[in-house]
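A short worksheet on the structure shown next.
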Amino acid sequence: MTTSLPIGDTASRILPTTILDINYAFAKTAMLVSAVQLQLFTHLADGASTPVELARRVQCNPQHLERLLRGLQAQGLVESVGDAYRLTPISERFLVAGKPSYLGGDTLAMLDYIPAWLQLTGTLRTETPYRDLGNPLTAEEFFAPRVRDLFPLIYPLATRAVERLSSDLQAMKSLSVLDVGAGSAPWSAAFAKRYPGAQITALDLPQVVEQGQQQVAELGLSAQYTWITGDMENVTLAPQSYNVVIVGHICRFIGESRSRELLKRLAQSLQPAGLLLLADAFYSDDRTGPPPSITLDLSMLVNTAQGGIWSCREVSTWLSEGALYQQVERLDVAGPFPVLVARKAEENTCVEL
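Take 952 as the starting number for the sequence shown in my numbering and just add one per residue.
In structure tokens:
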């Protein structure tokens, strides 16, 4: 038997660089996870340090630590100055513990997400996900330790959305907001900060509510909040009690059927001419992108029983069925994460803001 060798084509060489980069993409995540666990960026916030100095502080072998620092430098997260290393602007902003913009908690969440992704083949073959984050019991256990880590990711998007809606909100005599699946309350906190007279009702599962209450207290907003503990799909809500209802990053976990039913129930709690804000990741109409939505759709495959990603047009159709809402508008506040704003009435139109 003879073995064929790869054929060299000098006229048109096809290199495996892309495949090799994909194969080792996990290494970048591992480097960042290790650096966050060791609090390297937080230590470097005190100033440039040599590997020996850093190793003493984090109790590591200096030579081994320098290997990691070189890896972080290759990713643009630290830079060398002589024999020392210092932060770059991106790590100084997002990876120093204690800063409001700190994203290290989200980095550590990858330790829980990666095992699910590694079961993708099994999920494809058996149609059984690694877990079901659309199940309230599973969701409560999973998200309670993590919702506060999501706050710095979502709050900037929420503040932009609230600013874009200022003319509608200022026209309301009083602002009564229902935040469904509130988590650490990044969406409603943006309303509370912008409108000190706004009264917020935040709904979530018991352990998650505890985290949300802590977050809101640290922001000095507790007086504006009333908290409800319970399952958002079963809790009883007073009819026509709110002029704004927020559904933030919920629908992709519970799937189309449950989302449609939830949106119908929430419409009953919304006052005439009130606004429903639905924030999530969305596909383009042809479902070929954007890349983060494709990734999240696969994440929902392994992490939920019914979840997924839809296009703005598809979700707008849900909102318009049964004459629930007259108008559905799209606010583009950041990348693939627009906000759909539906006004309670009859006719449906889709407008690009």
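Glycine is no exception: its CB is placed at the ideal position from the N, C-alpha and C atoms.
message: With H, G and I counted as helix, E and B as strand and the rest as coil, what does DSSP make of residue 1239?
response: Secondary structure at residue 1239: coil, using DSSP grouped into helix, strand and coil.
query: Is the CB of residue 1144 under 7 Å away from at least one CB in chain C?
result: Any reference to chain C falls outside this structure, which holds one protein chain only.
Residue from 1041, 1205, 1117 and 1282 whose Cα sits closest to the Cα of residue 1082: Checking every option, the nearest Cα to that of residue 1082 belongs to 1205.
field: 8 Å contact criterion, which residue 1214 and residue 1194 should meet: CB distance rounded
entry: Not really, about 17 Å apart at Cβ, beyond 8 Å.
- request: Spatial neighbours of residue 1158 within its chain, please: CB distance less than 8 Å, with the 5 preceding and 5 following residues excluded, ordered by chain position.
  value: Excluding positions up to five away in sequence, the list reads 1091, 1092 and 1095.
- request: Let me know if residue 1298 comes out buried or exposed under the rule of 16 or more other beta-carbons within 10 Å of its beta-carbon.
  value: Confidence in residue 1298 is poor, its pLDDT being 41 and thus under 50, which makes the residue's placement too unreliable to answer from.
- request: Using the DSSP secondary-structure output, state which residues sit across from residue 1234 in a beta bridge.
  value: Under the DSSP definition of a beta bridge, residue 1234 partners with 1262.
message: Using the Cβ count rule (16 or more neighbours within 10 Å means buried), how would you classify residue 1288?
response: With 16 or more neighbouring CB atoms inside 10 Å of its own CB, residue 1288 falls in the buried class.
task: Have a look at residue 997 and residue 1043 and give me their C-alpha separation to the nearest angstrom.
output: Near 11 Å, if we compare the C-alpha coordinates of residue 1043 and residue 997.
- prompt: Do you know offhand how far residue 1217's Cα is from residue 1197's?
  reply: Going by the C-alpha atoms only, they are around 9 Å apart.
Exposure label - residue 1141; buried when at least 16 CB within 10 Å: Under the 10 Å beta carbon count, residue 1141 is surrounded by 16 or more other beta carbons and is classified as buried.
field: Own chain partners of residue 1234 with C-beta closer than 6 Å, once the 5 adjacent residues on each side are dropped
entry: Only 1244, 1260 and 1262 meet the Cβ criterion.
- prompt: Expressed to the nearest angstrom, what Euclidean distance is found between the alpha-carbon atoms of residue 1134 and residue 999?
  reply: Near 37 Å, if we compare the C-alpha coordinates of residue 999 and residue 1134.
- prompt: How about residue 1221 and residue 1124: are their beta carbons less than 7 Å apart?
  reply: It is not a contact, given that the beta carbons lie outside the stated cut-off.
task: Would you tell me roughly how many angstroms separate the C-alpha atoms of residue 1058 and residue 1165, rounded to the nearest one?
output: Each residue's alpha carbon lies about 21 Å from the other.
- request: Between the Cα of residue 1210 and those of 1183, 1050, 1169 and 1029, spot the shortest distance and give me the residue it belongs to.
  value: Considering only alpha carbons, the answer is 1183.
- prompt: Can you tell me the Cα-Cα spacing of residue 1067 and residue 966, whole angstroms?
  reply: CA-CA distance, residue 1067 to residue 966, rounds to 31 Å.
message: Can you look up residue 1194 in the DSSP assignment and give me helix, strand or coil?
response: Look at residue 1194 here: in three-state DSSP terms it is strand.
- prompt: If you count every other CB in all the chains shown that lies within 10 Å of the CB of residue 1223, and 16 or more means buried, which is it?
  reply: It is exposed - the Cβ of residue 1223 has fewer than 16 other Cβ atoms within 10 Å.
Contacts around residue 982, its chain only, beta-carbon distance under 8 Å, and the 5 residues preceding and following it disregarded: Hits under 8 Å: 1019, 1022, 1023 and 1026.
message: What does the Cβ neighbour count give for residue 1250, buried or exposed, with the cut at 16 atoms within 10 Å?
response: Within a 10 Å sphere around the beta-carbon of residue 1250 sit 16 or more other beta-carbons, which makes this residue buried.
task: Mind checking which residues open and close the alpha helix (DSSP H) that includes residue 1160?
output: Its alpha helix (DSSP H) spans residues 1157-1169.
query: Near residue 1049, which residues of its chain fall below 6 Å by C-beta distance, leaving aside the five closest residues on each side in sequence?
result: Counting only Cβ-Cβ distances below 6 Å, and skipping sequence neighbours, we find nothing.
- prompt: From residue 1174 to residue 1161, what does the alpha carbon distance come to, in whole angstroms?
  reply: Cα-Cα distance, rounded: 16 Å.
- request: Return the first residue and the last residue of the alpha helix (DSSP H) that residue 1214 is part of.
  value: Residues 1202-1220.
query: Roughly how many angstroms separate the alpha carbons of residue 1040 and residue 1253, rounded to a whole number?
result: Between residue 1040 and residue 1253, the C-alpha separation is close to 35 Å.
- request: Give the range of the alpha helix (DSSP H) segment to which residue 1180 is assigned.
  value: Looking at the DSSP string, residue 1180 is not in any alpha helix (DSSP H); the run it does join, the beta strand (DSSP E), is 1176-1180.
message: If contacts are defined as beta-carbon pairs under 8 Å, then residue 1038 and residue 992 qualify, I think. What distance do you get, rounded to the angstrom?
response: For residue 1038 against residue 992, the beta-carbon gap comes to about 6 Å, under 8 Å, which counts as contact.
query: Residues bridged to residue 1105 by DSSP?
result: Looking at the DSSP output, residue 1105 shares a beta bridge with no other residue.
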